[in-house]
Each structure stands twice: as structure tokens, then as C-alpha cells.
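Participant: The numbering of the sequence shown is this note's numbering, which starts it at 299 and goes up by one. For glycine and all other residues, C-beta sits at the position ideal for the given N, C-alpha and C. After the C-alpha cells below, expect a handful of questions from me.
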Amino acid sequence: MTERELQKVFHALSDPIRLRMVRLLLEYPEVCVCQFQNIFGTYQPRISFHLRVLRDAGIVESKRRGKWVYYGIKHLPECVRQMISTLPLEERLVSCTPNG
299 MTERELQKVF HALSDPIRLR MVRLLLEYPE VCVCQFQNIF GTYQPRISFH
349 LRVLRDAGIV ESKRRGKWVY YGIKHLPECV RQMISTLPLE ERLVSCTPNG
């Protein structure tokens with residue numbers, strides 16, 4: 299990892315919402331945008347902005363399944379992963395679809 303790439307990772311993680319998003323993704327391998335909306339109680343454009351910053355830093359990647367977009371961890375240095383994993387997980391996921 300280059301110095302510039304590491305700067306992007308730390309910048310992306312400097313925001314409390316993005317840090318909480320990554321903490322959730324370490325617990326749950328895939329999270330839908332709608333689940334982030336429910337957890338953070340905010341609009342889709344704001345969630346998408348934060349996810350774009352994380353994606354641009356190379357931390358997350360997205361997968362589309364029908365009309366839903368799911369995010370997961372793409373790359374996170376192990377030492378950073380370990381530090382974030384020690385944070386308490388305050389949120390629990392709820393499914394966006396009626397069938398769970």
C-alpha cells in the first residue's frame with residue numbers, strides 16, 4: 299500500500315458515519331444501502347456519498363442484485379481491521395425485504 303492510498307483510507311475512516319459503516323461490514327459481510335438508511339435514519343443520497351468515499355479509498359465494493367445494491371469490505375489493512383473490530387457494535391441489521 300502506498301502512502302497516498304493509506305492517506306485515503308484514513309481520510310475515509312475519519313468520519314464517524316463511515317467508521318460505523320465499516321464496523322458493520324466487518325460484522326455482516328454484505329449490507330444493503332436500504333439497511334444503512336434504516337440504521338442511520340438518513341436519505342439515500344447521503345448514504346451513497348459516504349459509500350462512494352469508502353469505495354474510492356478501496357475499502358468497500360458493491361454488488362447489484364436486482365434493484366438492491368449490497369456493499370462489502372474489499373480491502374482493509376489487517377491492523378486497521380483489528381482496531382475497528384474492537385469498537386462496540388451498536389447497530390443491528392433489519393432486512394429491507396418482506397421475506398428477510
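Report the rounded CA-to-CA distance for Ala355 versus Arg379, giving the unit in angstroms.
Facilitator: Computed Cα separation, rounded: 14 Å.
Participant: Is the region 329–346 in contact with the region 368–375, if contact means three or more CB pairs nearer than 8 Å?
Facilitator: The region 329–346, when compared against the region 368–375, does touch it at the 8 Å Cβ threshold.
Participant: What's the call for His373, buried or exposed, on a 16-neighbour Cβ count within 10 Å?
Facilitator: His373 should be labelled exposed.
Participant: If we require 3 or more residues per run, which beta strand (DSSP E) segments fall completely within the region 314–396?
Facilitator: Counting whole runs of 3 or more residues, the region 314–396 contains the beta strand (DSSP E) stretches 358–363 and 366–371.
Participant: Give the single residue among Val358, Ile345 and Arg362 whose Cα lies nearest to the Cα of Lys306.
Facilitator: Of the listed residues, the one whose Cα sits closest to Lys306 is Val358.
Participant: Taking 6 Å as the limit between beta carbons, can you name the residues of its chain near Pro327, skipping five residues before and five after?
Facilitator: So the qualifying residues of the chain are Gly370.
Participant: Anyone know if the C-beta pair for Ile382 and His348 falls short of 9 Å?
Facilitator: Not a contact, by the Cβ cut-off of 9 Å.
Participant: Would you tell me roughly how many angstroms separate the C-alpha atoms of Ser346 and Arg302, rounded to the nearest one?
Facilitator: Cα-Cα distance, rounded: 23 Å.
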